[in-house]
Amino acid sequence: MASLQSLRGMVDLLPEHTPLWQRVESTARGHFRRAAIQEIRTPLLEVTELFARGIGEATDVVGKEMYTFLDRGERSCTLRPEGTASVVRAVIQHGLLSQGPQRLWYGGPMFRYERPQAGRQRQFHQIGLELLGFADARSDVEAIVIAWDLLADLGVGGLALELNSLGSADDRARYREQLVAWLEVHRHQLDADSQARIHANPLRVLDSKHPDTQVLLAGAPALADALSEESQERFAQVQAGLDALEIPFVLNPRLVRGLDYYSHTAFEITSSQLGAQATVCGGGRYDGLVQQLGGPATPAVGWALGMERLVLLLSQGAAVPAQPLDLYVVSRGAAAEALALPAARLCRRAGLAVECDASGAAFGKQFKRADRSGARFAAVIGDAEAAEQVVVLKDLRSDRPEQRLPLAELVGALRAGLEAPPRA
RNA sequence: GCGGGCGUCGCCAAGUGGUUAAGGCAGCGGCUUGUGGCGCCGCUAUUCGGGGGUUCGAAUCCCCUCGCUCGCCCCA
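All the letters of the first sequence, read from the start, carry residue numbers 261 to 684 under this note's numbering.
Here it is, written out as structure tokens:
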């Protein structure tokens, strides 16, 4: 193919689809505003080390999915594969935590070099929430309820909240030892992927989809049993909080999540309608990350929501209509054409949505386009009108007669006209 | 990185070895040089993702390649 194409896994969002995205974005903004959460925007490009240290060297994301390159200063740079590390970096860099806990959200493109499939692109978009400086189980619940209510408000049905606790760092370390020891004993019965992960990332073995491995795992030491009393109490509080808000959830002891920084609460919101990539929103607590990246010891919870997957679910329902046009300006002849844009501008300044036909085509053509544009009204300007500085206002959606009026009266007439019902 | 499916006009799509590559939608032009929605007429792929091969002859068969897609893996 001779013509240029977008890079694999990097998709264009065409005008017919942007209204739905805009609806999601503005709905999310509303939820964040009402929950006193402020927006933060960070660069798309960061020093590679941030992600290597933050997300974990052993993770798939860091190990094989990052867009990494040397810039002209020979510095290793990486297109962000997720949002949390950048937000934490920014919060540390600007000393935001010295002003107290931070309630933040972010949105935008993320990049992961993976094979594209349904619900998975190389450039994809997330909206994320981070609550930094909050240790209490209630903040876990609040983070979850914000995501839950946002999805409900958007009208996404058929969602399931899956919940697990990974325990404290100590719990995990202790459990990790037990698990590795057990896995070593059963090494020969594991699938190849799981064998490779015994030391690199043993908890991920729990989440293996290999059927034989899953059967075997029934006899493995359980993470839940390794939790300290405090961790168990904490997890119970999260569950009680969700119960109190009547948010249904299912416990999933195999939910471990792929990023190293999680501790205690881990959760995913999934849909059965998404195919293989079922997770719409995933998150959890990451009490160690801020300190690990050089900041003050700071407890935190957060989540990220996949826009493409969400939109996929939404677009199975009713389409969002584009905003209708109020007026379409039709003009022909030099004097008339000179008047068209000023007339359109006048109406736009009054808040009306106006398209101005600049083709100079025959009136018939312009009316055809006016009709197809969906505009309620057409303003017609020919040489006769131009000479008198008037326009003809025609209701395209009713049988009411045309009005001939001076430019100064156009906006008023339009506003009055828009009140009247269109043809059924 | 590994499997499976697919690739004919902007979109949908017929055609499966015989030479002029159906049709529909959209678009453009006309009937209709100041009034749209309907209708009618016309135009829009020397070419079938790209390259190579087989053949007298290929969109149709073979090879390579690119892309899309679904799944594995992983994750949002």
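We put the CB at the ideal spot given by N, CA and C, even for glycine.
According to the neighbour-count rule (16 or more other Cβ atoms, all chains shown, within 10 Å of its Cβ), is residue i buried or exposed?
i	result
leucine 273	exposed
glycine 554	exposed
lysine 654	buried
proline 556	exposed
valine 475	exposed
arginine 313	buried
aspartate 617	buried
glutamate 679	exposed
aspartate 520	buried
aspartate 400	buried
aspartate 430	exposed
proline 681	exposed
histidine 385	buried
alanine 526	buried
glycine 367	buried
histidine 354	exposed
aspartate 331	exposed
Could you tell me which residues DSSP puts in a beta bridge with residue i?
i	result
glycine 388	Tyr366 and Ala564
isoleucine 641	Ser591
alanine 420	Thr530
glutamine 663	Leu653
arginine 545	Ser523 and Val561
glutamine 383	Phe371
cysteine 616	Val589
leucine 339	Leu305 and Tyr327
serine 425	Thr525
glutamine 377	Arg380
Rounded to whole angstroms, what's the CA-CA distance from residue i to residue j? Just pull it up for me.
i	j	result
glycine 427	serine 491	6 angstroms
arginine 398	alanine 484	20 angstroms
valine 348	leucine 549	8 angstroms
aspartate 413	tryptophan 442	45 angstroms
phenylalanine 637	proline 275	23 angstroms
methionine 261	arginine 375	Caution applies to methionine 261, whose pLDDT of 42 falls short of 50 and renders its modelled position unreliable; the value that the coordinates give is listed next. Their backbone Cα atoms lie some 21 angstroms apart in a straight line.
arginine 380	alanine 644	58 angstroms
glutamine 449	glutamine 298	50 angstroms
alanine 610	glutamine 537	46 angstroms
arginine 660	alanine 673	13 angstroms
arginine 294	arginine 632	39 angstroms
alanine 407	alanine 504	16 angstroms
alanine 433	threonine 302	32 angstroms
alanine 395	leucine 601	58 angstroms
serine 575	glycine 479	43 angstroms
aspartate 586	arginine 289	27 angstroms
glycine 642	glycine 418	56 angstroms
glutamate 506	alanine 496	15 angstroms
alanine 621	valine 589	13 angstroms
leucine 667	threonine 278	34 angstroms
aspartate 472	aspartate 451	8 angstroms
leucine 573	leucine 534	7 angstroms
For residue i, which of helix, strand or coil comes out of DSSP?
i	result
histidine 524	strand
isoleucine 507	coil
leucine 483	helix
glycine 333	coil
glutamate 299	strand
phenylalanine 371	strand
serine 454	helix
serine 346	helix
leucine 553	coil
leucine 411	helix
glutamine 537	coil
methionine 261	Only weak support is given to the placement of methionine 261: the predicted model assigns it a pLDDT of 42, under 50, and the question is left unresolved by the model.
valine 271	coil
leucine 599	helix
threonine 319	coil
leucine 466	coil
glycine 518	coil
glutamine 583	coil
phenylalanine 292	helix
serine 266	coil
valine 627	Inspection of the sequence shows that residue 627 is occupied by phenylalanine rather than by valine. Correct three-state label for phenylalanine 627: helix.
alanine 646	helix
serine 658	coil
glycine 634	coil
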